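> Quick one: the structure is below, questions incoming.
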Amino acid sequence: MWDFLAQGFAVALTPLNLGLAFLGALIGTLFGALPGIGPINGIAILMPLAYTMGLPAESSLILLAAIYTGSEYGGRMSSILLNVPGDAGAVFTTLDGNPLAKQGLAGPALGLSAVSSFIGATLAILGITLFAPLLARVAVMFGPAEFFALMVFAFASMSAMMGKDPLKTAIGAVLGVLVATIGVDSGTGVLRFTFGIPELYDGIDFIVLIIGLFAISEILLMLEHSHTSDDGGAMAPLGRVMVRLKEVLFCKWAILRSGLIGFVIGVLPGTGASVAGAVAYTTEKRLSDQKGTFGKGDMRGLSAPESANNAAAVGAFVPMLTLGIPGSGTTAVMLGALMLYNITPGPTMFTEHTAVAGGLIASLYLGNLMLLLLNLPLAGLFARVLTIPRWLLVPAIAILAFVGVFQLHSNLYAIFLMLIVGVMGYLLRKLGFSLAPIILGYVLGGLMEQNLRRALAISGGDSGILWQSGISIGLWIAAAMLIVLPWLLPWLWRKRNAASCSLSK
Amino acid sequence: MNINTGFRRWSALAVIGGMFMTGGAQAQSGTPECIAPAKPGGGYDLTCRLAAQGLQETGLIDQQMMVRYMPGGIGAVAYNHVIGVRPDDANLIVAASTGAAVNLALGKFGEYGVDDVRWLGALGADYGAIVVGADAPWQNLDELMQDLKSEPGEIVFGSGGTIGSQDWMKAALTAKAAGIKPKSLRYVAFEGGGAALAALLGDHIDVFTGDLAELKPRLADGDVRVLAALSEERVGGPFADIPTAKEQGYDVQWPIWRGYYVGPEVSDADYQAWVDKLKKLADSPKFAELRAARGLFPMARFGDSFDDYVKEQVGEFKALADEVGLTQ
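Protein chains in written order, with full-length UniProt numbering: chain X, 1 to 505; chain Y, 1 to 328.
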């Protein structure tokens, strides 16, 4: 195995491949930072280019992998600075990242997210290096029933999001689930809530939804503020620039736990960075949010989704490389790239194409290091975005949002839809709703429904399938504990205290 | 994306700038364009790229063809867009496939039918395949069919599309060949062929009705067994050992063609120019390599012959949909 990795590093350390990894990291960061344009676009656009330039297979895969991991870094910038997720994986970065920026901690927040991303990704790369073939076997054991149990677990941990207004959180989540039902029903092919409009057949696209909900509503809020207050200038104070070691250490458990969660979710086929971010954030909030600081600028709430989405991005390579099954849309495109080179991924990948597999894994190590080194010093620079006056920033965000959505759909309907969603988002925010439960409902609810119905289609309607396997049972128990423990623990605690009190008498 | 010839020599960073030219490029005239009616990376993307790269490398077009994405309803959005907004745009071709024909037959393309565009031709095809796990009890198609006949409710089929999609059709036709009503089939729809294949590997489903090309990585490792190819005759190369359903006594065929159409008001001269280009492309040896690299098998049908083929196919699918009770 070490031979394999040594050979990989020999491939990755050639000047051409190092240069490509750096270029990819840079492009990926940019792609990720632009709202609406995520890794899949970057890769789909650059893949034919890499092929026509005549790059060897391992070099173009290194380039594409660097773009992919880079965009997970880039996605956090606009999330933190502007409350606008740069791509789907970065939605949960906004929840604590943006409040931190508003408190003048934009620089440290960017730095911390870079460090969290680095650690999460590194954990996942170690996971790939050591366990890839084994993990692939475990991943396919996750069938519809297991996915359903996983979603139940995720919703159970979401009860941690209830916060001070449980009713609004619940309404938000239900709203998200409802939005997810629009479009062709994934089981029967029946059109639901499409009103005969072909543009709605595929439902409301995730990117359109998040850009509308976050970017457009943010623009409207900014406009409202510049109308009612006359500061008009900088949006937030610019404090210190670098993240402190103490802050990273404060978040170490959040980063490690979330990296693990993200990696596992990334390895599962069909779930990607957005689900990983959702599960990691809600789990971390459940575990560590004793003082109710999550959502108000808690460093752990920022580092959890960042660590998780990068780990998930890397984890998605496992099913692609070992089984030839893409774990995400982006790895599906990369699979297509490999096929162009007549390389068919599968269990033989690691024995027959060691240069490609080893080179890719080695370049993931190097690419991540580059991204950390690239992103830490840039944090201060990017944080200056906040000093841009509103009259310049608002149109800039609007242009990026419009271009991003149009580039994805080549269609004005998508733009109108985004605007409608945006106005809804604005109204919801004015009414005191938080956007996170809506996104969670959308991401998890859609998966939950599809997998429940798949499981029941497999069993012929027998609900016993839902708790047949060890994995499902484990997840059900974990979900039950998430709901019961917060009530039980304080009770047990009081009881024990009472007992010790009576003993001391 | 507008990539002109000199562009490739520029640093890749310029690509980002290129992306923002998308909006402006619509106004340009003369740039050949292919709409992939899906998100990047899928089969439609592949279809457009095949034409773009092939026409460029064989010198049949002098400007690089732009590929634009217009996802929605397996092509429904693009179909409505072309007919409604750009019916006479001679520079525009749109990728289509058997999946689009199925949805046209089911009336899922809005108010428009198969006669509302001009079908250009197909440059390649893939074929359906019936796949089971390596430890499944069935060694050939007949054994599976016999079990299906005796206990139709015990065997779970799965693939990457909803009921009524082209992926489902493969399962439905297989059931029909066994004398089973497609409606009584236990069928599970996954999000794409990859997820369905994963479910087969994890023993969650018994039979996966997929496509041959996507199975290529699986042939070597012995995790799955391909019981039948749904092609007219055996396809060569790595698939030479896979028998067709027809030679096993069940006449089920499912070619998935990958072709193109143009708007309804494109002139006969412009239509013919495209047909000639595609014909020349299909004949070039360079193109054969490009097509094979994308896992597609030869298929060459152009002009009126293709137009008739698609219309006939949509008619057949309509009849089939009525028969299995899918028509709404």
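No residue lacks a Cβ here, since even glycine has one placed at the ideal position from N, Cα and C. Keep in mind the model is a prediction, meaning the values are calculated, not measured.
By the three-class DSSP mapping on this structure, what secondary structure does residue 550/X have?
There is simply no residue 550/X to check, as chain X begins at 1 and stops at 505 in what is shown.
> With a Cβ-Cβ cutoff of 9 Å, do residue 512/X and L393/X count as a contact?
Since the first residue shown for chain X is 1 and the last is 505, residue 512/X is missing from the structure and cannot be characterised.
> By the three-class DSSP mapping on this structure, what secondary structure does T174/Y have?
In this structure, T174/Y counts as helix in the three-state DSSP scheme.
> So, for L197/Y: in the same chain, excluding its five sequence neighbours on each side, which residues have a beta-carbon less than 7 Å away from its beta-carbon?
Cβ within range, chain order: F208, G210.
> By a C-beta neighbour count over all protein chains shown, 10 Å radius and 16 as the cutoff for buried, is L485/X buried or exposed?
Exposed, because fewer than 16 other Cβ atoms sit within 10 Å of the Cβ of L485/X.
> Can you tell me which of the three DSSP states E33/Y falls into?
Reduced to three states, the DSSP call for E33/Y is strand.
> Between L366/X and A21/X, how many whole angstroms is the CB-CB distance? I'm expecting something under 8 Å.
About 6 Å; that satisfies the 8 Å criterion.
> Give me the Cα-Cα distance between T22/Y and Q407/X, rounded to the nearest whole angstrom.
At T22/Y, the pLDDT of 41 sits below 50, so the modelled position is not reliable; the number obtained from the coordinates is stated separately. Distance between the alpha carbons of T22/Y and Q407/X is about 7 Å.
> Between the Cα of P56/X and those of L260/X, T271/X, L340/X, spot the shortest distance and give me the residue it belongs to.
The shortest Cα separation from P56/X among L260/X, T271/X, L340/X belongs to L340/X.
> Among all the DSSP beta bridges, which residues are the ones paired with L191/X?
V184/X, per the DSSP bridge assignment.
> Is there a C-beta anywhere in chain Y that falls below 9 Å from the one on S186/X?
For S186/X, the answer is yes, since a Cβ of chain Y falls inside 9 Å of its Cβ.
> Drop a sphere of 10 angstroms on the beta-carbon of S157/X, count the other beta-carbons inside from all chains shown, and report buried for 16 or more, exposed for fewer.
Classification for S157/X: buried.
> Hey, would you say A304/X sits closer than 9 Å to R244/X, going by beta carbons?
No, they are not a contact pair.
> Does the distance from the CB of S434/X to the CB of N309/X come in under 9 Å?
Taking 9 Å as the Cβ cut-off, S434/X and N309/X do not qualify as a contacting pair.
> Under 9 Å, do A189/Y and G187/X count as touching if we go by C-beta distance?
It is a contact, given that the beta carbons lie within the stated cut-off.
> Could you work out which residue in L249/X, L135/X, A355/X, A379/X is closest to F263/X when comparing CA atoms only?
When only C-alpha atoms are compared, the closest one is L135/X.
> Three or more beta-carbon pairs under 8 Å between the region 125 to 133 of chain Y and the region 218 to 230 of chain Y, yes or no?
Yes, since at least three Cβ pairs between the region 125 to 133 of chain Y and the region 218 to 230 of chain Y fall closer than 8 Å, the two stretches touch.
> What does F302/Y pair with, by DSSP beta-bridge criteria?
According to DSSP, F302/Y bridges with G121/Y.
> Within 9 Å (strictly less), CB to CB, does L485/X reach chain Y?
Not closer than 9 Å to any Cβ of chain Y, the Cβ of L485/X fails to qualify, so no.
> Keeping to the same chain, check which residues put their C-beta closer than 7 Å to that of K183/Y; ignore five residues upstream and five downstream.
Hits under 7 Å: V324, G325.
> Starting from R390/X, trace the alpha helix (DSSP H) in both directions and tell me its first and last residue.
Here the alpha helix (DSSP H) through R390/X covers 390 to 409.
> Within 9 Å of any Cβ in chain Y, is that where the Cβ of R454/X sits?
Closer than 9 Å to some Cβ of chain Y, the Cβ of R454/X qualifies, so yes.
> Can the beta-carbon of I93/Y be found less than 9 Å from the beta-carbon of A51/Y?
In contact: I93/Y and A51/Y (Cβ atoms closer than 9 Å).
> Restricting to Cα atoms, I'd like to know which of E57/Y, S165/Y, L144/Y, G202/Y is closest to residue 330/Y.
The question about residue 330/Y has no answer here: the residues shown for chain Y are numbered 1 through 328.
> Are any of the Cβ atoms in chain X nearer than 9 Å to that of D260/Y?
Checking the displayed sequence, the identity of residue 260/Y turns out to be Tyr instead of Asp. False, the Cβ-Cβ gap to chain X never drops below 9 Å.
> Cβ closer than 8 Å: which chain Y residues qualify as neighbours of G86/X?
Those do not exist, as G86/X stays about 14 Å from chain Y at its closest Cβ, beyond 8 Å.
> Note down the Cα distance separating V152/X from A114/X, rounded to an integer number of angstroms.
Using only the alpha carbons, I get a separation of about 31 Å.
> Going by DSSP, name the residue or residues bridged to T209/Y.
According to DSSP, which records beta bridges pairwise, T209/Y is partnered with I130/Y.
> Nearest chain C C-beta to A96/Y closer than 9 Å, yes or no?
Included in the structure are the protein chains X and Y, with no chain C among them.
> Could you tell me whether the region 369 to 384 of chain X touches the region 15 to 32 of chain X, where touching means 3 or more Cβ pairs closer than 8 Å?
Judged by Cβ distances under 8 Å, the region 369 to 384 of chain X makes contact with the region 15 to 32 of chain X, as three or more pairs qualify.
> With distance defined between alpha-carbon atoms, name the residue in G107/Y, A76/Y, P71/Y, R49/Y nearest to M65/Y.
Of G107/Y, A76/Y, P71/Y, R49/Y, the residue nearest in Cα terms is R49/Y.
> For W491/X, count the other beta carbons within 10 Å of its own beta carbon; 16 or more makes it buried, fewer makes it exposed. Which is it?
So W491/X counts as exposed.
> Identify which residue in I438/X, V91/X, M77/X, L126/X has its Cα closest to the Cα of G358/X.
Measuring from the Cα of G358/X, the nearest candidate turns out to be L126/X.
> Applying the criterion that 16 or more other CB atoms from any shown protein chain within 10 Å of the CB defines a buried residue, is K279/Y buried or exposed?
Looking at its Cβ environment, which holds fewer than 16 other Cβ atoms inside 10 Å, K279/Y is exposed.
> Contact criterion: CB-CB distance below 9 Å. Does L13/Y meet it with respect to chain X?
Reliability fails at L13/Y, whose pLDDT of 37 lies under 50, so the model's placement of it is uncertain and no value is given.
> Taking all protein chains shown into account, do 16 or more other C-beta atoms lie within 10 angstroms of the C-beta of G176/X, making it buried, or fewer, making it exposed?
Counting Cβ neighbours within 10 Å, G176/X comes out buried, since at least 16 surround it.
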